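If you read the protein sequences in the order shown, they are chains A and B. The first sequence begins at 1 in UniProt numbering and counts up by one. The second sequence begins at 1 in UniProt numbering and counts up by one. Glycine included, every Cβ here is placed at the ideal spot set by N, Cα and C. Treat the numbers as computed from the prediction; the structure is a model and nothing was measured. Structure, as structure tokens:
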Amino acid sequence: MRHAVAPAENVENHSFAVTGLFKICTHCERLGKKDLGIRIPRPLGNGPSRFIPEKEILQISKVDSRTQSIFEDAFAALGRLDNISLVMGFHPQYLESFLRTQHYLLQMDGPLPLHYRHYIGIMAAARHQCSYLVNLHVNDFLQVGGDPKWLNGLFEAPQKLQQLGELNKILAHRPWLLTKEHIEGLLKAEEHSWSLAELIHAVVLLTHYHSLASFTFGCGITPEIHCDGGHTFRPPSLSQYCVCDIANGNGHANHHDDLLGNQDMCGEVEVLMERMKQLQECRDDEEASQEEMATRFEREKTESMLVVTSEDEESAPPERHLERGASTHVQSDYSWEDHGFSLVNRLYPDVGQMLDEKFHMVYNLTYNTMATHKDVDTSMLRRAIWNYIHCMFGIRYDDYDYGEINQLLDRSFKIYIKTIVCSPEKTTKRMYESFWRQFQHSEKVHVNLLLMEARMQAELLYALRAITRYMT
Amino acid sequence: MEKMSRVTTALGSNAISGRTMFCHLDAPANAISVCRDATQVVVAGRNIFKIYALEEEQFVEKLNLRVGRKPSLNFSCADVMWHQMEENLLATAATNGAVVTWNLGKPSRNKQDQLFTEHKRTVNKVCFHPTEVYMLLSGSQDGFMKCFDLRKKESVSTFSGQSESVRDVQFSMKDYFTFAASFENGNVQLWDIRRPDRYERMFTAHTGPVFCCDWHPDDRGWLATGGRDKMVKVWDMTTNRAKEIYCVQTIASVARVKWRPERKFHLATCSMMVDHNIYVWDIRRPFIPFATFEEHKDVTTGIVWRHQHDPHFLLSGSKDSTLYQHMFKDATRPVDKANPEGLCFGLLGDLAFAAKESLITSDANRKPYPGGDRRYPMFFFKKPDPTEQFAHVSSALSVFETDLDSHRMDWFVKTAQLYLLSGKPFAELCDHNAKVAQELKRPQVSTTWTMLRIMFSDPANLATPGPNHNLGKLGTLPLMNSFSLKELGSGMGAESRLERSKGESRQDNIHLEPGNSYISNNEENEETEGSEGHPEYMFGDAELDDDDLYSMEHDNQTEEQEYTLPQEAFQLRHEIVDNLSAPEHLQQDKADSPHVSGNEAEVTCLTPIESFSLISISQPLFSPHLPASFFCPIVREMLSYYAEQGDVQMAVSVLIVLGDRIRKEIDDLTQEHWYMSYIDLLQRFELWNVSNEVIKLSTCSAITCLNQTSTTLHINCSNCKRPMSNKGWICDRCHQCASVCAVCHHVVKGLFVWCQGCSHGGHLEHMMNWLKSSAHCPAGCGHLCEYT
């Protein structure tokens, strides 16, 4: 067991650190290695993301002073700069908002004790087998004084948290099934009951980590160096290049892939732009009846329910869980702006505001570029992606023609979205590479941000709706 | 034009009558609107679009506008408005972005007249011009407002709200060309219908979306807005800058706001969620609604006054699929139910009491408050305003002062300051606190402390610091351990035997004891740190009741060494002390023991306390072998007693001093409750340090975490006066070090003190020194600073 081993190492390191008094120069390091027999871990991964060449990620913070200052702040606040932040660094505006929210959720005043917060984070991430987030928060959890026993499983945790398991499960996979009975069960459980404020906090945490798990898999975030699978003690000199080469992104894998993609589908972006223009110019003049619109929506929804596993895993037949498809929920009946926000803000002040800002930020984020083209209005594409995800959760917008989705999102992109939103753990590098080949990595990260926030909002809406129904 | 409208809309000769009534709709309503003569109402929603006639006793369905086998989304309405000039004209805003007009005069079943599909997103609001027949305005989620001329096929002009969603648009009642639009980002814009290029005026009305706005029907310049921030604000638009003149705080986000006809200061509101009631407010009395309608079971979505000049009828539609007509006389008046009595305790036991004047005067000859006197009854009058319909309420406020001598809280403050809660051995803490209580003339409390000392420690109280001290260093001397065990092998054997035959073997015990201590003494002589090894042996045998013999003897020496122990070590104390036996057992030993100096000192310092002698008489009553836990139930009762008596200070102090000895006996909730009460009291007396110490020493997680909340302090840069968003010492705006000491010109990291007059400051020490010799600010700004 890892946790059993850890303290022993700590003792050793500790005494060393004290004598060295924080500054360990290379000389000391060498000494330490030789004389004290301390093994220095080496990073295993190839940069923060498996999908994106490290060089590109590191480039941003050098160029953009804003990103750099955000990184500095994040490092000052947490004492680390995790890979998620590094990848999000492509979009500094968003990153700032994201970090502020996350920091508030985990560290600032709130109804839940600190170790509960991390534990709930672990619970949520574990739902998607996101070992990256789990490891990260196991460390945090122990650091704020959490009981290591809880980590053996939910059954070791207090009754109160165990009850949250059901909510976690439903929220992660079929949030539309959430009813006020679930909420009632949590709020009225004698001494193990949750207060409304605590529940809201927990719900926000759960949805935050579900969607963050989506992002983690979607961008192929590699484990942190201090976490399991993030490091190795083996000297890396077995292959031709040394660590610093890896750090500089000299791995061969990535390069030819990009080239291939470019040759393959050079017209992709142009086709997409052409379609957008068409849609913009000639909107369907003959009005489609309510039913027709509903049918279009249902078609997208049903299709999105069919989880198509990627081609290379042919052994696994396409799963169908149609029979449990989402019931349709009309957005105007319960929307974030009008209803969700008020509820969150009432019970967990300030967080509503932060989430609102974050949703706004991500929905409106644009650089007016598409691949190499400049001055493009991408709002249509962004809206299609956002609504497609909400469609998968059964949330319908009356003022949206779901026919647009089919025109703008091609098959491989839809597969990617579906996988990331529904079962992120199945994401493969191939999926990441096969959609939007001509687009830049930063744009793909942008897509991932959209996916993540849209998912979070959808889950939140269902949870908050259930809570509202319970309250009234 | 204006005049004409007035004539046509004036109340007809046949005044409206009716009663509070409702009817069931088939589906939730989103909006309602009445026709000009107040005889019909239209209800629109996602799945409903009907016209009802308002009759004396009931609603009668007149017309279903939702026709066709496959109703298109154009029928799914977000808003509806009936034209106030043209009886046959209706407009709806569809959720799919269409603006539809309906002509009731059409002979066919489908009354749809015009269809405008210019908006890309949901249309939130439509509004007819109050006097112009063909002018229609719409506001949409896509951020555009469009003005339609109903004689043309498309919009005449488009107003852009800069990509922010429009939530409401309203034509001004008085200014022909003006309309107001409210936005999701909290702004309100004023437009001139002739100038679509830019707004006339814009101001931020709310934080978060402004869901609704309404022009005052009579007063040209007044605009009421309601937002997600749960506020209704009334703006005076006649001045150059929109001025907020009234503000009403509601309990939920405000979905609709409508001025009440013929009542200048009244307006009706309903909320977006959670709260289902309709409130009518007098904006001059923003704290309590003037009237409430509580009929709806789900959120009210549409409210409208039935007639433009009749303030007594209100119509409302709701998500619960009902349509209501509310009679104003049937409304609930919260004022009547409000309790005009108020009662509050002052810090020093004074009592303030406000009650209806009538109540006080009629009851004038009642007895004065026992122990206090009614010094100055005060009366507050509000000048009555004839237009105000609030029942006139005046209250009398009486303040009862407590008897200065009997209820003084001085003792509380003194006690709080003087009590010692930690940092010394248990017995000393008890003695100290007993002395404090004694000096404050509280013999009972003092006695309690003394008793506690005796119950939970004996002269072996001296054992408490020793083992802790030693345990802290345990493991560092493994060799020593084995050595002492070897040496004491025989003694050990004797001990375990003794334990089994406890009763009669006490004498032997005493005989053995000096020998043991002799051995340990030898150790100490041989090794400077010899004492460390010994307690380990004792600790290992902790189950033995008589162990304390050794530890006591032993600790007489260690005790003198040092008291300042690392706090962490105290947690271990518990296991040892619990097994110590009653006091006089050791006092006997003391006589025999050559190493008693410390103990004797202890006793002599106690003797001045009178109560001690009383206790010591009773001492022989206790069996010497009673474990400390034996007293726990009594102590628990005692603590509860003090808490019940209102002396929560005693309860908490004892709780802290006893620590683990008693903690497990009292359930966590009670403890938390005591702590909270005590901390609250301390803070009201501004004893911040003491309250902080209590928080720190408490073991309830709920209490200790108090110290971790609200620990952030926001500062502004001293150069550019902007908030310091950056962590660190350099302001990222002006790139200078922010908090520089005015004396030494270095960055202050740590305690920073500054003058509140001129805001210059620096290192605490530097400032202290500077201001000792000079009265002026060290920065040279000429301010006369002061350090107290």
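- Message: Please report the straight-line C-alpha distance between LYS696 (chain B) and GLU672 (chain B), rounded to a whole angstrom.
- Response: LYS696 (chain B) and GLU672 (chain B): Cα-Cα distance of roughly 13 Å.
- Task: Anything in the region 86-113 of chain B with a Cβ closer than 9 Å to a Cβ of chain A? List those residues in chain order, please.
- Result: Closer than 9 Å at the C-beta level to chain A, one finds these residues of the region 86-113 of chain B: ALA94, THR95, ASN96, GLY97 and ALA98.
- Task: Following the continuous beta strand (DSSP E) through MET21 (chain B), name the residue where it begins and the one where it ends.
- Result: Looking at the DSSP string, the run of the beta strand (DSSP E) that includes MET21 (chain B) is 21-24.
- Query: Roughly how many whole angstroms lie between the Cα atoms of ARG100 (chain A) and VAL144 (chain A)?
  - Reply: Between the C-alpha atoms of ARG100 (chain A) and VAL144 (chain A) there is a straight-line separation of about 20 Å.
- Query: For ALA591 (chain B), does the count of other Cβ atoms within 10 angstroms reach 16, so buried, or fall short, so exposed?
  - Reply: Reliability of the predicted coordinates at ALA591 (chain B) is poor, the pLDDT of 40 falling under 50, and the value obtained from them is presented with this limitation in mind. Sixteen is the threshold: since fewer than 16 other Cβ atoms of the shown chains lie within 10 Å of the Cβ of ALA591 (chain B), the residue is exposed.
- Query: Which of the three DSSP states, helix, strand or coil, is assigned to THR369 (chain A)?
  - Reply: Shown here, THR369 (chain A) sits in a strand according to DSSP, grouped into three states.
- Query: On the premise that THR122 (chain B) lies in contact with THR95 (chain B), defined as a C-beta separation below 8 Å, what is that separation, rounded to the nearest angstrom?
  - Reply: Contact between THR95 (chain B) and THR122 (chain B) holds, since their C-beta atoms are separated by about 5 Å, short of 8 Å.
- Message: Tell me which residues share the same chain as LEU115 (chain B) and place their Cβ nearer than 7 Å to its Cβ, disregarding the 5 neighbours each side in the sequence.
- Response: Hits under 7 Å: ASN74, ALA98 and VAL100.
- Message: Relative to the C-alpha of SER698 (chain B), which candidate in B:ILE715, B:TYR678, B:ALA352 and B:LEU713 has its C-alpha closest?
- Response: When only C-alpha atoms are compared, the closest one is B:TYR678.
- Item | Other residues of its chain near HIS24 (chain B): CB distance less than 7 Å, five sequence neighbours each side excluded | So the qualifying residues of the chain are SER321 and THR322.
- Three-state class that DSSP yields for LEU112 (chain A) in the structure shown: LEU112 (chain A): coil per DSSP, three-state reduction.
- Which chain A residues are close to ARG298 (chain B), counting only those with a beta carbon under 9 Å from its beta carbon? For the sequence presented, residue 298 (chain B) should be read as Asp rather than Arg. Chain-ordered, the chain A residues with CB closer than 9 Å to the CB of ASP298 (chain B) read THR472.
- Query: With distances taken from CA atoms, which of B:CYS344, B:VAL654, B:VAL445 and B:MET327 is nearest GLU401 (chain B)?
  - Reply: Ranking the options by Cα distance to GLU401 (chain B), first place goes to B:CYS344.
- Local conformation of GLU665 (chain B) per DSSP, three classes: In this structure, DSSP gives GLU665 (chain B) a state outside helix and strand, which the three-state scheme calls coil.
- For a contact meaning CB atoms closer than 8 Å, what does THR328 (chain A) contact in chain B? What THR328 (chain A) touches in chain B: nothing, since even the nearest Cβ is about 12 Å away.
- Task: Compute the distance between the beta-carbons of LEU212 (chain A) and LEU161 (chain A), then report whether it is under 8 Å.
- Result: It is not a contact, given that the beta carbons lie outside the stated cut-off.
- Pick from B:ASP647, B:ILE634, B:LEU681 and B:TRP754 that is closest to ILE666 (chain B), judged by C-alpha positions: Ranking the options by Cα distance to ILE666 (chain B), first place goes to B:ILE634.
- Task: Using the Cα positions of PHE148 (chain B) and CYS212 (chain B), report the straight-line distance between them to the nearest angstrom.
- Result: One C-alpha to the other measures close to 21 Å.
- Message: I'd like to know whether the C-beta atoms of ARG333 (chain B) and ALA291 (chain B) end up nearer to each other than 8 Å.
- Response: In this structure, ALA291 (chain B) lies closer than 8 Å to ARG333 (chain B) by Cβ.
- Message: Whole angstroms are fine: how far does the CA of LEU167 (chain A) sit from the CA of LYS188 (chain A)?
- Response: Roughly 15 Å separates the two Cα atoms.
- Show which residues of chain B have a CB atom less than 8 Å away from the CB atom of PRO113 (chain A). By Cβ distance, chain B contributes SER701 and CYS705.
- Item | Proximity below 8 Å, CB of TYR176 (chain B) to CB of GLN189 (chain B) | For TYR176 (chain B) and GLN189 (chain B), no; Cβs fall outside 8 Å.
- State buried or exposed for GLU54 (chain A), treating a residue as buried only when at least 16 other CB atoms are found within 10 Å of its CB. Per the 10 Å Cβ criterion, buried.
- Taking C-beta to C-beta, are SER318 (chain B) and HIS326 (chain B) nearer than 8 Å? Going by C-beta atoms, SER318 (chain B) is not nearer than 8 Å to HIS326 (chain B).
- Thinking just about the alpha-carbon of each residue, which of A:GLN457, A:ALA466 and A:GLU443 is nearest to the one in GLU56 (chain A)? Of the candidates A:GLN457, A:ALA466 and A:GLU443, the one whose C-alpha sits nearest the C-alpha of GLU56 (chain A) is A:GLU443.
- So does the region 434-449 of chain A actually touch the region 151-159 of chain A, counting three or more Cβ pairs closer than 8 Å? Contact between the region 434-449 of chain A and the region 151-159 of chain A is absent, because fewer than three Cβ pairs lie under 8 Å.
- Between the C-alpha atoms of GLN40 (chain B) and VAL34 (chain B), what's the straight-line distance to the nearest angstrom? Their Cα atoms are separated by approximately 6 Å.
- Task: Within the same chain, show all residues whose beta-carbon is closer than 8 Å to that of GLU224 (chain A), passing over the 5 residues directly before and after it, in chain order.
- Result: Contacts found: ARG80, ASP82, ASN83, TYR132, ASN135, LEU136 and GLY230.
- Query: By the 10 Å Cβ neighbour count, where 16 or more other Cβ atoms means buried, how is HIS714 (chain B) classified, buried or exposed?
  - Reply: Answer is exposed; the Cβ neighbour count stays below 16.
- Item | Short CB-CB distance (under 8 Å) between HIS118 (chain A) and chain B | Cβ-Cβ to chain B under 8 Å: no for HIS118 (chain A).
- State the beta-bridge partners of MET231 (chain B) as determined by DSSP. In the DSSP output, where bridge partners are listed per residue, MET231 (chain B) has B:GLN249.
- Message: Report the CB separation of ALA466 (chain A) from TRP386 (chain A) in whole angstroms; it is logged as a contact under 8 Å.
- Response: In fact, because the Cβ distance is near 22 Å, the residues do not count as touching under 8 Å.
- How big is the Cα-Cα spacing for ARG442 (chain B) and LEU669 (chain B)? Roughly 28 Å between the two C-alpha positions.
- Members of the UniProt repeat "WD" (203-245) of chain B that neighbour chain A once the beta carbon cut-off is set at 7 Å: Of all residues in the UniProt repeat "WD" (203-245) of chain B, the ones placed with a Cβ closer than 7 Å to any Cβ belonging to chain A are PRO209 and ARG228, in chain order.
- Item | Inside the UniProt repeat "WD" (116-158) of chain B only - beta strand (DSSP E) runs reaching at least 3 residues | With a minimum length of 3 residues, the continuous beta strand (DSSP E) runs that stay inside the UniProt repeat "WD" (116-158) of chain B are 123-128, 135-140 and 144-149.
- Query: So the alpha helix (DSSP H) ALA434 (chain B) belongs to, where does it begin and stop?
  - Reply: Unbroken alpha helix (DSSP H) run through ALA434 (chain B): 426-439.
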